[in-house]
Amino acid sequence: MLSVSYRHHLPRLADLGYPALVAPTNARTDPSAWEQAIEFGIDVTLLEANLARTPAERIAELVAMNRLQAQVQSRTLDDATRRKLDAAELRLKFGDLMDAAP
10 MLSVSYRHHL PRLADLGYPA LVAPTNARTD PSAWEQAIEF GIDVTLLEAN
60 LARTPAERIA ELVAMNRLQA QVQSRTLDDA TRRKLDAAEL RLKFGDLMDA
110 AP
């Protein structure tokens, strides 16, 4: 830190053309988007819980949910219907690229 004797030689920000520092007029008076969502009635508890997890934990949860979905489908749909759904899903994801697939 500069000693007190040198401070009077340093230019002030106003002398360099910078405006005076002023606190924003809306500082902490406007609710955040998060607070507005809660006030609107959106339940953010699951989102908060998910954000508390690490990315690796979130991916593990996604993989587990995908496995559960596949198990439910395998028990409730016959093979032909499941193949049609899988093909339709792939076509939605990849479109015309599917025509070039072997």
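Residue numbers (this note's numbering): 10 to 111.
Ideal placement from N, C-alpha and C gives every residue a C-beta, glycine not left out.
The C-alpha of Thr-90 is placed about 41 Å away from the C-alpha of Ile-47. DSSP places Gly-50 in the coil class of the three-state scheme, outside both helix and strand. Going by beta carbons, Asn-75 and Arg-67 fall outside the 9 Å limit. With respect to the 9 Å criterion, Met-107 and Leu-99 are classified as neighbours on the basis of their beta carbons. Non-local C-beta neighbours of Trp-43 in its own chain, meaning closer than 8 Å and more than five positions away in sequence, comprise Val-53, ordered along the chain. Counting along the chain, the unbroken alpha helix (DSSP H) around Thr-90 starts and ends at 88-103.
For Thr-85, the enclosing alpha helix (DSSP H) stretches over residues 64-85. For Ser-83, same chain residues with a beta-carbon under 8 Å away, outside a window of 5 residues either side, are Arg-91 in chain order.
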